[in-house]
Structures are given as C-alpha cells and as structure tokens.
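Heads up, the thing below is written out as structure tokens.
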Amino acid sequence: MGTVLKGQGKPEEASAAFARAAALNPHYEDAHYNLGVVLKEQNRLAEAVDSFQKTITLNPHYEDAHYNLGIVLKDQRKLDAAASSFRRAIALNPEYEDAYYNLGLVFKEQGKIEDAAASFRRTVTLKPDFASAHYFLGITLNYLGRQTEAVDCFRQALAIMPDYAEAHYNLGCILMELGQMADAAASLRAALALKPGFVGAYAALSTILKFTEINDDILAMTDIYKNKENLSEAERIDLGFALGKVFEDLKDYDKAFTYLSEADQLKRRTLNYTIQYDRELFEKIKRTFNTDFFTAHLDCGVPDKTPIFVLGMPRSGTTLVEQIIASHPLVFGAGETAVLEDLVHDLCNGSVHPPFPECISRLDRDTLARMGSDYIEKIRQLSSEAVYITDKMLYNFLYIGLIRTILPGAKVIHCRRNPMDNCFAIFKKDFSGAHEYAYDLTELGQFYNLYQDLMAHWDKVLPNFVYTVSYEDLVSDQRKQTKNLLDFCSLPWDDACLTFYKKERIITTASFAQVRQPLYRDSVELWRRYEKYLEPLKKALHV
Numbered sequence: 017m018g019t020v021l022k023g024q025g026k027p028e029e030a031s032a033a034f035a036r037a038a039a040l041n042p043h044y045e046d047a048h049y050n051l052g053v054v055l056k057e058q059n060r061l062a063e064a065v066d067s068f069q070k071t072i073t074l075n076p077h078y079e080d081a082h083y084n085l086g087i088v089l090k091d092q093r094k095l096d097a098a099a100s101s102f103r104r105a106i107a108l109n110p111e112y113e114d115a116y117y118n119l120g121l122v123f124k125e126q127g128k129i130e131d132a133a134a135s136f137r138r139t140v141t142l143k144p145d146f147a148s149a150h151y152f153l154g155i156t157l158n159y160l161g162r163q164t165e166a167v168d169c170f171r172q173a174l175a176i177m178p179d180y181a182e183a184h185y186n187l188g189c190i191l192m193e194l195g196q197m198a199d200a201a202a203s204l205r206a207a208l209a210l211k212p213g214f215v216g217a218y219a220a221l222s223t224i225l226k227f228t229e230i231n232d233d234i235l236a237m238t239d240i241y242k243n244k245e246n247l248s249e250a251e252r253i254d255l256g257f258a259l260g261k262v263f264e265d266l267k268d269y270d271k272a273f274t275y276l277s278e279a280d281q282l283k284r285r286t287l288n289y290t291i292q293y294d295r296e297l298f299e300k301i302k303r304t305f306n307t308d309f310f311t312a313h314l315d316c317g318v319p320d321k322t323p324i325f326v327l328g329m330p331r332s333g334t335t336l337v338e339q340i341i342a343s344h345p346l347v348f349g350a351g352e353t354a355v356l357e358d359l360v361h362d363l364c365n366g367s368v369h370p371p372f373p374e375c376i377s378r379l380d381r382d383t384l385a386r387m388g389s390d391y392i393e394k395i396r397q398l399s400s401e402a403v404y405i406t407d408k409m410l411y412n413f414l415y416i417g418l419i420r421t422i423l424p425g426a427k428v429i430h431c432r433r434n435p436m437d438n439c440f441a442i443f444k445k446d447f448s449g450a451h452e453y454a455y456d457l458t459e460l461g462q463f464y465n466l467y468q469d470l471m472a473h474w475d476k477v478l479p480n481f482v483y484t485v486s487y488e489d490l491v492s493d494q495r496k497q498t499k500n501l502l503d504f505c506s507l508p509w510d511d512a513c514l515t516f517y518k519k520e521r522i523i524t525t526a527s528f529a530q531v532r533q534p535l536y537r538d539s540v541e542l543w544r545r546y547e548k549y550l551e552p553l554k555k556a557l558h559v
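Here the sequence shown is numbered in the numbering used here, starting from 17 and rising by one per residue.
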C-alpha cells in the first residue's frame with residue numbers, strides 16, 4: 017500500500033503506511049527502507065536517518081540503504097559520515113555510479129579536490145553519459161590547475177546536455193583564462209540564453225568586453241541589479257563590481273564608484289577582518305628576519321637558481337611582469353603557486369614548532385636546506401625542462417627573508433605601482449580567498465603602508481637581493497625595462513618578451529585580459545578620475 021500511495025504522489029499517507037508495516041513486522045527491512053526514502057523526500061531528515069540505520073542493522077549488505085543514508089547525511093552537512101556511507105555502498109557494489117558521484121560531491125565540499133576528481137572520473141567511466149559527473153570533474157580539474165582537461169570535461173557535459181547553462185558558463189570562464197576571448201564570450205552568451213539573469217555570466221562577460229555605449233547587456237545588468245530582493249548577497253556583490261567596470265568603460269565615473277562602493281561595502285560585511293592581526297604579523301617578520309639572523313645563516317639553503325619569484329601587491333603589474341619573463345624560451349611561467357606557503361605551513365603548524373615567522377629561527381641548517389630542496393622538487397614537477405621557473409604568488413613578499421635563507425640563488429622581482437592607482441585598482445576587484453583588507457579604503461591604505469614598510473625592511477637587511485620594477489616605468493619604456501628585467505634574471509635578450517601578449521599560457525589572475533594585448537597607459541593616474549571619493553585612502557596613505 018505504501019508503494020502505491022508513493023506512486024500516487026501522497027508522501028504523507030505513504031510514510032504512514034510504511035510506518036505501520038514496519039511496526040507490524042520490525043524485521044521487515046524493505047518497510048524501514050521505503051519509509052526512509054519517503055521521509056527523505058519530505059525533508060524529514062532525522063527520521064529518514066533512523067529508518068535507513070534500522071534497515072542497515074537488519075541487513076548490513078543493503079547497498080541502497082547505505083547510499084540513501086549517505087544522501088541524507090550529506091544534506092545534514094555531516095560530510096565525514098556521508099562519505100563513510102557512500103564508501104560502504106561502493107564496497108558492496110563497486111559499479112555504483114551514483115555513490116561515486118555523491119562521494120565526489122562530498123570530497124569537493126571537504127576541499128579534498130584530488131579525491132573528488134578521482135570519484136568523478138570513476139563515475140564517468142561507469143556511466144559515460146552522466147553529464148553532471150563530467151561537469152564536476154571539470155570543476156575539480158580546474159581547481160587543480162588542469163584547465164585544458166577541464167575544458168574537455170565541460171564540452172563532454174554539453175555534448176550530453178546542450179542546455180547545461182552552468183557548463184557553458186564555466187567553459188567560458190576557463191576559455192577566458194586561456195586567452196580564447198571570442199570563444200569565451202560565445203560560451204557565456206550561451207549560458208545567458210539558457211538562463212536569463214545569470215549574474216555570474218554577466219559578470220564574467222563584463223571583464224572581457226569594452227563598453228563604449230549603453231547596450232542591451234548593460235540594460236539587462238542594471239535591471240537585474242535594481243531588483244536586489246531577487247539576488248543573493250554574492251550575486252549583488254558580483255554584479256556591483258561588474259557594473260562598476262561597465263560604467264568606468266563608459267567614463268561615467270560617478271556611477272561607476274556608486275556601484276563599486278556598494279559592492280565593497282557588501283563584501284566587507286561578509287568578512288571578519290582586523291588590520292591589527294596583519295600589523296602584528298608584519299612586525300614579527302621584521303623582528304625575526306633581522307641583520308643578526310642573516311649573519312647567522314650565511315651559506316645556508318641550496319644554491320639552485322631555478323626560481324624567479326615575482327611578487328608585490330595585487331594589481332601592481334605582477335601578472336604583466338611574469339608574462340614578459342615567461343615569454344622567454346628558457347622560462348616556464350608557473351603563475352601563483354602555493355608551494356612555498358605550503359612548505360611553511362607544514363613546518364610551522366603550531367604543533368611541533370611555533371607559527372611563522374618565529375618557527376624559522378628554530379630550524380637547523382639541515383632542515384632549512386631540505387626546505388629549499390623540497391621547494392625545487394615541487395616546482396620542478398611543473399616543468400622539468402625549463403632553465404628557470406617563475407613563481408608569482410603575490411604574498412611571497414612576506415617570505416623574502418626565508419627565500420634568501422633557503423634559496424640564496426633565487427631571483428626576486430618586486431613589482432611596484434603608484435600607491436593610489438594600486439590601491440584603487442584593488443578596491444575595484446572582487447577577489448577570492450585572501451585580500452580581506454581590500455574592501456575598505458582606510459584598511460586598504462593601512463595594509464599598503466604595512467607592505468611598503470616591510471619592503472623597505474627587506475631592502476635594508478638584504479641590500480641588492482630584490483629587484484624592484486616600476487609599473488609606470490615599464491609601460492613608459494617597455495624595451496628598456498624588459499632588458500633590465502632579463503639582465504637581472506641572467507637571461508639573454510629575446511624579442512618574444514616584447515610581444516608577451518602572443519604567449520599562450522593559462523592566466524588565472526584578474527589581469528588575464530590585460531596581458532593578452534600590447535602595453536597601454538590607460539590605467540596610469542586613473543585614480544584621479546575618482547579623487548573626490550578617495551579621501552579616506554589618501555589620508556591612510558598620507559598622500
């Protein structure tokens with residue numbers, strides 16, 4: 017009777033019928049199982065868990081009960097328990113594609129991206145026409161930096177399900193990073209055709225288009241933004257930053273700042289940030305890496321000359337500088353790698369050693385040398401043939417003292433830009449991950465001061481170790497500054513470095529569009545268009 021009622025779309029009556037059947041025969045495993053299924057569909061999750069667990073107690077080999085228990089636990093955000101249930105279902109049925117798929121979703125939520133990719137890959141092996149599994153395999157491969165493989169996955173998902181708007185969108189985003197702008201725009205427009213009002217697609221499209229007049233895209237975006245009650249907070253933030261860029265293109269700077277300011281305020285409210293933490297960290301770094309430290313650590317580390325570190329504040333020209341250097345045939349551009357940061361975290365995790373930077377002064381010379389060797393080994397996995405490899409993780413400026421200690425043969429290039437231009441360029445971007453100081457003009461200026469002070473410290477205690485390149489000088493005299501960069505890196509001249517925008521490589525930073533074209537000066541002194549709004553920043557920077 018319960019099955020009939022369920023088929024008739026009467027879930028409450030069905031659950032009552034299954035409950036009666038289970039009460040009449042407590043050992044009737046199918047009654048408990050079917051009750052769990054109906055309760056799950058009614059979102060009565062705790063009761064569903066109880067029913068599935070009773071089923072499993074009666075029959076530990078009931079694979080569907082393990083699977084559905086996993087589904088409910090996943091919905092309850094009990095991810096470890098959900099993963100265990102999916103694994104039990106797979107152990108009972110090694111070809112259970114839905115269990116592999118949902119196990120992949122759990123791994124993805126837990127940040128176990130490689131495990132997630134393996135689960136999704138197993139899913140599509142078992143069920144090649146599983147569009148969502150191809151899609152999420154693409155998502156995880158993109159996280160792992162395997163963008164070209166991710167493109168294939170999204171295209172496979174779309175071959176199976178052409179109306180998959182999210183697959184069109186994510187394909188478009190990766191094609192942007194690959195520099196295939198026309199194809200990227202086509203994918204984003206396909207997403208919008210399937211899902212009008214797709215904020216993410218509009219936001220991505222706005223980054224690759226140059227707007228010269230009001231058009232249908234702008235009208236649609238402003239109309240969506242006006243109906244804020246229909247948007248999530250994240251969508252309002254995305255669209256606010258996008259419209260800020262749109263109206264800057266149109267040279268309507270007042271309207272641009274209105275959108276940018278609203279987006280920044282919204283984003284700042286989502287963050288639990290205090291500048292005091294950064295103040296204390298920067299002071300600890302300066303105290304630890306002082307002149308006495310470097311005197312005590314002469315001839316430390318490994319002398320390998322492979323790494324070229326390109327560092328500085330976001331939007332300071334680091335992507336441009338790396339693209340120029342990576343255009344040289346002897347250089348591989350690794351982009352923003354977390355290799356050094358991960359090594360620091362592994363050694364300075366607060367259990368065996370105190371946190372960074374105090375932990376570094378407690379490490380013996382062998383450990384520091386091993387740290388340098390480990391860095392070279394990991395970075396070499398990205399390219400075994402290049403003579404030099406660039407590492408463009410911005411906040412490696414925190415680790416310049418460590419770099420000098422463990423990799424004394426490395427080159428370090430610091431990118432500097434006019435502080436007002438640099439800070440306002442940061443303020444205009446919605447970053448993922450770090451950069452929590454970026455959404456308030458005062459905090460932004462305060463953080464920039466900390467950065468400048470730390471760079472002055474490195475220049476004092478490590479004279480001539482860091483080469484500083486000015487963004488303004490680079491765009492004013494590209495050939496001269498490019499030659500200076502190559503000379504510092506001990507690289508012979510190569511004309512390819514002047515046509516860096518022709519270099520095909522994946523660029524995942526906010527500057528991916530700018531470095532696909534020749535140098536231009538449009539962004540120099542751009543902050544002055546907004547000067548009347550930037551008093552808090554000017555005050556913080558003492559301008």
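Note that CB positions come from ideal geometry on N, CA and C, so glycine has one too. All figures in this text were calculated on a predicted structure; none of them were measured in a lab.
Cβ-based neighbour list, residue i, same chain, cut-off 8 Å, excluding 5 preceding and 5 following
i, result
"E541", "N434, D437"
"K555", "T458, G461"
"D294", "Y453, F463, L466"
"R537", "V491, S492"
"A105", "E79, D80, H82, Y83, G86, Y112, A115"
Cβ pair residue i, residue j closer than 8 Å
i, j, result
"L287", "R252", "no"
"Y467", "I429", "no"
"Y415", "M329", "no"
"V440", "L266", "The amino acid occupying residue 440 in the given sequence is Phe; Val does not appear at that position. Contact: no."
"F146", "E111", "no"
"V140", "A149", "yes"
"S332", "R495", "no"
"Q126", "L95", "yes"
"L235", "G256", "no"
"L470", "F413", "yes"
Identity of the residues DSSP links to residue i by a beta bridge
i, result
"P323", "I405"
"G154", "Answer is none; G154 lacks a bridge partner."
"Y483", "I429"
"G328", "C431"
Unbroken alpha helix (DSSP H) run spanning residue i, endpoints
i, result
"S492", "487-492"
"T290", "It is not in any alpha helix (DSSP H) - T290 carries neither H nor E in the DSSP assignment."
"P435", "435-443"
"R171", "163-176"
"S67", "61-74"
"Y464", "457-477"
"D46", "45-57"
"S100", "95-108"
"T334", "334-342"
"Y415", "Note, Y415: premise wrong, no alpha helix (DSSP H); not H, not E."
"I234", "232-242"
"R205", "197-210"
"T311", "307-312"
"H77", "Careful: H77 lies outside any alpha helix (DSSP H) and carries neither H nor E."
"I392", "381-396"
Cβ-Cβ separation, residue j to residue i (assumed contact under 8 Å), whole Å
i, j, result
"L61", "D91", "6 Å"
"A355", "Y404", "The sequence as given places Val at residue 355; Ala does not occur at that position. Incorrect: roughly 15 Å between the Cβ atoms, too far for contact."
"L410", "L553", "Not confirmed; about 20 Å, so no contact."
"P323", "I395", "6 Å"
"K427", "C505", "5 Å"
"K300", "P373", "5 Å"
"D181", "F152", "A quick correction: the sequence has Ala, not Asp, at residue 181. Not really, about 15 Å apart at Cβ, beyond 8 Å."
Cβ-based neighbour list, residue i, same chain, cut-off 6 Å, excluding 5 preceding and 5 following
i, result
"G349", "E338, A342, T406, R521"
"C513", "I340, S343, H344, T498"
"Y455", "D280, K283, R284"
"R532", "Because the pLDDT at R532 is just 49, under 50, the model does not fix this residue reliably, and the point stays unresolved."
Delimiting residues of the beta strand (DSSP E) encompassing residue i
i, result
"V347", "347-349"
"R284", "Not the beta strand (DSSP E): R284 falls in the alpha helix (DSSP H), residues 269-285."
"R432", "427-432"
Neighbourhood of residue i by C-beta, 7 Å cutoff - its chain only, sequence neighbours within 5 removed
i, result
"L3", "Since the first residue of the chain shown is 17 and the last is 559, residue 3 is not available in this structure."
"E547", "none"
"I129", "T156, Y159, L160"
"A200", "G188, L191, M192, I224"
"G425", "P319, D320, K321"
"N306", "V477"
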